[in-house]
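Asks:
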Amino acid sequence: MAIRNDCCTPQIRDDRRTNAWRRASWDEALDFIVGRMQKVGPGSVGLWAGHGGFTPGSAVTIQMMQRFSNIYGCQAWHPAMICWGLGGFGVGLTGALKVNTKEDMAENARMIVLWGSNISSQPNTARHIISARRRGAKVITIDVRRTEAAAQSDEVLLIRPGSDAALALVVMHVIVTEKLYDAAFVGSHTTGFEELSTHILPFTPTWGAEETGVEANQIISFARAYASTRPAMILLGGSSMHKGANGWHAARAISCLPALTGDFGLRGGGLGPRHGAQSAGLRNLNEGQKRPPGNYIPNQMVDIAEALSNGRLKVLLLLGTNMLSSFADAGQVADGLDRMNTVVCVDLFMNETARRFADVVLPGTAWLEELGFKVTNTHLYLMERALEREGETRPIHEILRSLANSLGLTDFFPWGSLEEVLDAILDHSTTGHATVASLRAAGGFVPLRVPAVAYADRKFDSPSGKIEFYSPQAERLGLPPLPVHKVDQGSPYPLALSFGRTLTHFHSFYDEGQALPSLVKHNAAPQLWISRFDADARRLSDGDAIKIYNQRGEFRAKAHVTDDVRPGVVWIRDGWVGLNHLTCGDPVLTGDALSLFPFSVGQADYGAQVEVARS
Numbered sequence: 180m181a182i183r184n185d186c187c188t189p190q191i192r193d194d195r196r197t198n199a200w201r202r203a204s205w206d207e208a209l210d211f212i213v214g215r216m217q218k219v220g221p222g223s224v225g226l227w228a229g230h231g232g233f234t235p236g237s238a239v240t241i242q243m244m245q246r247f248s249n250i251y252g253c254q255a256w257h258p259a260m261i262c263w264g265l266g267g268f269g270v271g272l273t274g275a276l277k278v279n280t281k282e283d284m285a286e287n288a289r290m291i292v293l294w295g296s297n298i299s300s301q302p303n304t305a306r307h308i309i310s311a312r313r314r315g316a317k318v319i320t321i322d323v324r325r326t327e328a329a330a331q332s333d334e335v336l337l338i339r340p341g342s343d344a345a346l347a348l349v350v351m352h353v354i355v356t357e358k359l360y361d362a363a364f365v366g367s368h369t370t371g372f373e374e375l376s377t378h379i380l381p382f383t384p385t386w387g388a389e390e391t392g393v394e395a396n397q398i399i400s401f402a403r404a405y406a407s408t409r410p411a412m413i414l415l416g417g418s419s420m421h422k423g424a425n426g427w428h429a430a431r432a433i434s435c436l437p438a439l440t441g442d443f444g445l446r447g448g449g450l451g452p453r454h455g456a457q458s459a460g461l462r463n464l465n466e467g468q469k470r471p472p473g474n475y476i477p478n479q480m481v482d483i484a485e486a487l488s489n490g491r492l493k494v495l496l497l498l499g500t501n502m503l504s505s506f507a508d509a510g511q512v513a514d515g516l517d518r519m520n521t522v523v524c525v526d527l528f529m530n531e532t533a534r535r536f537a538d539v540v541l542p543g544t545a546w547l548e549e550l551g552f553k554v555t556n557t558h559l560y561l562m563e564r565a566l567e568r569e570g571e572t573r574p575i576h577e578i579l580r581s582l583a584n585s586l587g588l589t590d591f592f593p594w595g596s597l598e599e600v601l602d603a604i605l606d607h608s609t610t611g612h613a614t615v616a617s618l619r620a621a622g623g624f625v626p627l628r629v630p631a632v633a634y635a636d637r638k639f640d641s642p643s644g645k646i647e648f649y650s651p652q653a654e655r656l657g658l659p660p661l662p663v664h665k666v667d668q669g670s671p672y673p674l675a676l677s678f679g680r681t682l683t684h685f686h687s688f689y690d691e692g693q694a695l696p697s698l699v700k701h702n703a704a705p706q707l708w709i710s711r712f713d714a715d716a717r718r719l720s721d722g723d724a725i726k727i728y729n730q731r732g733e734f735r736a737k738a739h740v741t742d743d744v745r746p747g748v749v750w751i752r753d754g755w756v757g758l759n760h761l762t763c764g765d766p767v768l769t770g771d772a773l774s775l776f777p778f779s780v781g782q783a784d785y786g787a788q789v790e791v792a793r794s
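Next up, the structure:
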C-alpha cells in the first residue's frame, strides 16, 4: 500500500496537455465536479464502473451507481458489458442460467469439461477439480491455448478463437445422428428438437475440423465420450470466450448439450460454476425505482463510444476502471475522451486513461481498507476492514453520497452507515437474511441456501419452462432461433488474436499490474504466444521484440514461441493499454435484445485478426 504515492489525495489539472497536477482538498475537487455536472445537466453526465470500484462488494457499487442514476437522471451502464454478459445472454436463451455447485462437481461428476474455463485462476474452484480427478473423473479442456488447467486434464482440444459454437454444433450432430441422446429427457423437458435435428445435419465433423482446427476423429471421440459418460458437467468460461463475432453463440450452443444427454438436473451433471452465474440472491435496494423520463444511452458499448465522440456525453465519472484498456476499438474511445468536457477518475492508482484524459483524480480505497462482503455460488463471506485508509482515500459510495448531497439528492443515502447498507443488501432468503453482525458471530462466512443441483425439478428458466433448442424469444428479436456459428468472412491479416486472464494478473488492475512489484516480477512486459510454425514463417525467435498490427493500429510485445497454441492463433494476456486499439468495436447484439434479461448488455465484438513482425 505504501507505493500509492501518486493517488492518495484528490488532484486537479487545469490543462490536459500537461502533467501539471496540483493537490486539492476534497471540498475543492467535489465542488469542481458538481459545478461541471450542473452546467451540462444530468443527461450529459455518465457513470461507468469497473472491478476496481467494487471495494465493499460488486453489489454495493453497482447498486449505489444505479441508485444515483435513478434519482439524478444521468447515464449509467452495467459493468457486465465487458465481462460475462454475453455468455449469460446465450445461456439465458436456452433457459439454463442456474448451475450446480463446485462441491457437487467434486463429489459426483464422472466427466468435467473445462470449456474456455481456466480454473487455475480461480483457486476456490480448482481444488474441487483436482478432488474430482483423484476420485476418477475425466477432465477435458477445450481452449484456444494450452492453459495452466490443461496440466490437470486428461485431454486437451485446442481450437481457433471464436469457433466454440462450431464445435458444439458438431458435437450435437454426432449425438443426434448416432442417436446418443436421451430421448426421454428430450421428449419431456425440451422444445424444438425436431427443428434442431434438421438444423445440425450440415455441421459434420469434416466441416467442424475446418472451422475449429480440431481433427474430425478427435471431435467424434469427444462427442461420443461426452454423450456416454453420465453424469458429465461443463464449466463455461467467464469472459474471454464470449468475445468476438460469435460472442453469445458459444454459450447458446454449448448450453444445449446437457439437454441432449439428459444431464440437467443430475448430481454431477449439467453446467458447473461459472462467473456471473451466482445462484445467490441479494436484495435490490433500487427495486421499483425508475429514472426520470429522458434520452438514455443503452447498455451498448458502441453507443457509449459514439456518445463520447458526438458530444452527447460531456462529463464522465470513471469509478475504478481504465476505460482505454477495457473498451474495444480503443482508438475511437481515446478520440471521444479527448473531446470530453470533464473526465473524473476514481481509482487506487493512476492509469493510462487518467494520465491522458482525466481532469480530476479522486483516490479510492482498497478492499483491505473497507468493510464488505463476497458472494460465491455457495457461500457468503464477510470482508472485515484490515487496514486504516491511506492518505485521504475515500470509497465510491461516500464519493457518490457527497455528490448527491451537493446536488440536493436527499433520498440517495437514507442509511446511517455502510454496515446498514450491507445489512439491507444481504436481507434475502438465500443468505438466511444475514447481517454483518450475524456473519461475525458465525466466524465470517455462512453457506448459502441454494441447492447443490440446479433444475432437479426440471423446471427451466424459459417462457416454456423447458430447455429451448428453438427460442421464440430470439426469433422475436430478429436473432437466430437455433444455435449457430458465424463463419469467418476472411481477412488479409492471417492470425486470430485471443486474450485471457492469468493467475497473477486480473485484467488491467493496478495500472496493468505494473504498480505492484510482485506482479511485475511475473509479467513485466506483454508477451505474445505464437506457434513455432508461425514464428518460423516470420523468422522470429523466442524473446524477440515484435509488433502486432492490423488496419486499426499496432501493439508492441515480446514473442513467446510455444507449442501451446495452434498455427494461425496468437494469444496475449488482456488488460495492456494499447491492446484494444487492435480490436473491433462493432455491436454483437441488436438494441432490442438489450431489454430481454436484467443483465443484457451490448458488448462489442472485440475480435481481431492480426499480423506479427519483428519490430
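Last residue of the sequence shown: 794 in my numbering, with the numbers rising by one and none dropped.
Every residue gets a Cβ at the ideal spot worked out from N, C-alpha and C, and that includes glycine.
Nothing here was measured: the structure is a model prediction, and the numbers come from that model.
State the Cα-Cα distance for the pair G229 and L498, rounded to the nearest angstrom.
Replies: 6 Å
Asks: Decide if the stretch 579–593 is in contact with the stretch 532–546; the criterion is three or more beta carbon pairs, one per stretch, under 8 Å apart.
Replies: Output reads no: the stretch 532–546 does not touch the stretch 579–593.
Asks: Looking at the unbroken beta strand (DSSP E) that takes in F536, where does it start and where does it end?
Replies: Taken as a continuous stretch (DSSP letters only), F536 belongs to no beta strand (DSSP E), being part of the alpha helix (DSSP H) at E531 to F536.
Asks: Residue range of the beta strand (DSSP E) that D526 falls in?
Replies: T521 to D526
Asks: Among A411, P630 and C763, which has the Cα closest to the Cα of N729?
Replies: C763
Asks: Using the three-state DSSP reduction, which class does K493 fall into: helix, strand or coil?
Replies: coil
Asks: Might you give, ordered along the chain, the residues of its own chain that have their beta carbon closer than 8 Å to the beta carbon of E654, omitting 5 neighbours on each side?
Replies: P660
Asks: Beta-carbon separation of V710 and R735 under 8 Å?
Replies: Before going further, note that residue 710 is Ser rather than Val in the sequence given. No. Outside cutoff.
Asks: Taking only three categories from DSSP, how would you classify P384?
Replies: helix
Asks: Tell me, which residues are paired with A329 by DSSP?
Replies: The partner list for A329 (beta bridge, DSSP) is empty, contrary to what the question assumes.
Asks: Report yes if the CB atom of I604 is closer than 8 Å to the CB atom of V239, and no otherwise.
Replies: yes
Asks: From the DSSP output, in three-state form, read off H368 for me.
Replies: helix
Asks: For F712, does the count of other Cβ atoms within 10 angstroms reach 16, so buried, or fall short, so exposed?
Replies: exposed
Asks: Count the C-beta pairs between the stretch 711–726 and the stretch 470–490 that are closer than 8 Å, then say yes if the count reaches three, no if not.
Replies: no
Asks: Give me the Cα-Cα distance between I212 and D206, rounded to the nearest whole angstrom.
Replies: 10 Å
Asks: Taking the alpha carbon of G781 as the reference point, which residue from K218, M216, G266 and G236 has its own alpha carbon closest?
Replies: G266
Asks: Roughly how many angstroms separate the alpha carbons of E733 and P671, rounded to a whole number?
Replies: Taking C-alpha positions only, E733 is separated from P671 by approximately 15 Å.
Asks: Leaving out the 5 sequence neighbours to the left and right, which residues in its chain are closer than 6 Å to E390 when beta-carbon positions are compared?
Replies: S342 and A345
Asks: Let me confirm a value: H352 is counted as buried when at least 16 other C-beta atoms fall within 10 Å, else exposed. Which label applies?
Replies: buried
Asks: Ends of the alpha helix (DSSP H) at M260?
Replies: Where M260 is concerned, there is no enclosing alpha helix (DSSP H), because DSSP gives it neither an H nor an E.
Asks: Can a CB atom of chain D be found closer than 8 Å to the CB of N489?
Replies: Structure shown: chain D not included; a single protein chain is present.
Asks: Can you say whether V666 is buried or exposed, counting buried as having 16 or more other CB atoms within 10 angstroms of its CB?
Replies: exposed
Asks: Select from S400, P626 and F506 the residue whose C-alpha is nearest the C-alpha of Q479.
Replies: F506
Asks: Kindly indicate which residue of S407, L656, T377 and R491 has the alpha-carbon position closest to the one of G225.
Replies: R491
Asks: Report buried or exposed for Q217, applying the criterion of at least 16 other Cβ atoms within 10 angstroms of its Cβ.
Replies: That one is exposed.
Asks: Skipping 5 residues on each side, what residues in its chain have a beta carbon closer than 6 Å to that of C186?
Replies: Excluding sequence neighbours, C186 sits near F528, M529 and P542.
Asks: Rounded to the nearest angstrom, what separates E374 and P340 at their Cα positions?
Replies: Looking at the backbone, the Cα of E374 and that of P340 are separated by about 28 Å.
Asks: Would L495 pass as a contact of V512 if the rule is Cβ separation under 8 Å?
Replies: no
Asks: Classify G510 as helix, strand or coil using the three-state DSSP reduction.
Replies: Looking at G510 - three-state DSSP - the assignment turns out to be helix.
Asks: Starting from the C-beta of R637, find all residues in its chain whose C-beta is less than 6 Å away, skip the five residues before and the five after it, and write them out in chain order.
Replies: H368 and G444
Asks: Would you be able to state if there are at least three C-beta pairs under 8 Å between the stretch 555–572 and the stretch 618–633?
Replies: Under the 8 Å Cβ criterion, the stretch 618–633 counts as touching the stretch 555–572, having at least three qualifying pairs.
Asks: Leaving aside the five residues before and after L464 along the sequence, list all residues of the same chain whose C-beta is less than 7 Å from its C-beta, in chain order.
Replies: Q242, R246, A603 and I604
Asks: Which word fits H612, buried or exposed, when buried means at least 16 other C-beta atoms lie within 10 angstroms of its C-beta?
Replies: exposed
Asks: Just to confirm before moving on: does the CB-CB distance between G269 and H378 stay below 8 Å?
Replies: no
Asks: Starting from T356 and walking both ways along the alpha helix (DSSP H), at which residues does that stretch end?
Replies: D343 to T356
Asks: With burial defined as no fewer than 16 other Cβ atoms inside 10 Å of the residue's Cβ, what is the status of S697: buried or exposed?
Replies: Only exposed fits S697, as fewer than 16 other CB atoms lie within 10 angstroms of its CB.
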